[in-house]
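Top to bottom, those sequences are chains X and U.
Start counting the first sequence at 1; every next residue gets the next number (my numbering).
Start counting the second sequence at 114; every next residue gets the next number (my numbering).
Where is the CB? At the ideal position from N, CA and C, for every residue including glycine.
None of the values given here were measured: they were computed from a predicted structure.
All remarks here apply to the structure that follows.
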Amino acid sequence: NAGVTQTPKFQVLKTGQSMTLQCAQDMNHEYMSWYRQDPGMGLRLIHYSVGAGITDQGEVPNGYNVSRSTTEDFPLRLLSAAPSQTSVYFCASSKTETVHEQYFGPGTRLTVT
Amino acid sequence: GQSLEQPSEVTAVEGAIVQINCTYQTSGFYGLSWYQQHDGGAPTFLSYNALDGLEETGRFSSFLSRSDSYGYLLLQELQMKDSASYFCAVGNFNKFYFGSGTKLNVKP
């Protein structure tokens with residue numbers, strides 16, 4: 001199993017540009033989530049999904065959209081990038097019955113200039 | 114709202130025992146998790162407590178007291194590879210809130 005994969009690994013955007021961060025998992029996990037991690041801080045939940053077709057907002061959802069059309073994929077869209085969105089983005093997945101045990105992808109380092 | 118507090122940094126020597134504390138305030142609570150993150154890496158799950166008491170997984174143990182809104186991660190027989198950041202996280206339904214992390218420095 002590849003586990004949780006994320007692309008790209010690095011990205012530089014200009015203010016106002018949009019882009020999609022990709023996340024996929026091959027463990028048939030129902031629960032998937034997106035976090036951002038800023039320097040010296042913990043992870044903050046952006047959006048999460050408990051299954052295909054179901055998404056909900058986390059702690060810091062503004063400026064981001066998600067969709068979940070399949071169990072495997074959970075892309076994160078930045079609508080109009082801002083310097084405040086410079087961060088490391090992690091995608092994670094877990095089984096519903098052990099949702100607390102999340103498996104994280106390698107992360108995407110995003111810089112917005 | 115949700116808040117979690119952990120010490121920012123802890124230093125210990127190889128072979129020693131170290132305890133990393135976590136206190137939390139949350140409107141709902143479904144358990145306390147611990148994650149390890151090496152510099153430049155992704156968080157990896159270590160342990161979980163849903164009920165009061167001690168959970169042991171090899172060299173690592175985690176403790177929870179729901180009445181005190183407090184938990185800790187205990188690392189025994191420290192090794193150099195344990196140098197990393199450790200995060201506590203509380204679950205509230207399907208939302209998870211992480212502390213700011215404790216950087217553990219293990220010295221020879």
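Residues of the segment 26-41 of chain X with a CB closer than 9 Å to any CB of chain U: list them in chain order, please.
-> Y31, S33, Y35, Q37, G40 and M41
Based on Cα-Cα distance, which residue from X:D56, X:M32, X:P61 and X:A2 lies nearest to Q85 of chain X?
-> X:P61
Less than 8 Å between the CB atoms is what I'm expecting for F211 of chain U and Q102 of chain X, so what's the real figure, rounded?
-> About 11 Å separates the two Cβ atoms, so there is no contact after all.
Straight-line Cα distance separating Y137 of chain U from T98 of chain X = 21 Å
Of all the CB atoms in chain X, is at least one closer than 8 Å to the CB of N205 of chain U?
-> no
Buried or exposed: where does H151 of chain U fall if 16 or more other Cβ atoms within 10 Å of its Cβ makes it buried?
-> exposed
Give a yes or no on whether the minimum CB-CB distance between P156 of chain U and chain X is below 8 Å.
-> yes
Against chain X: residues of the segment 154-180 of chain U by CB proximity under 9 Å | G154, A155, P156, T157, F158, Y161 and A163
Do the CB positions of E127 of chain U and L191 of chain U come within less than 8 Å of each other?
-> yes
Looking at the unbroken beta strand (DSSP E) that takes in E168 of chain U, where does it start and where does it end?
-> G166 to T170
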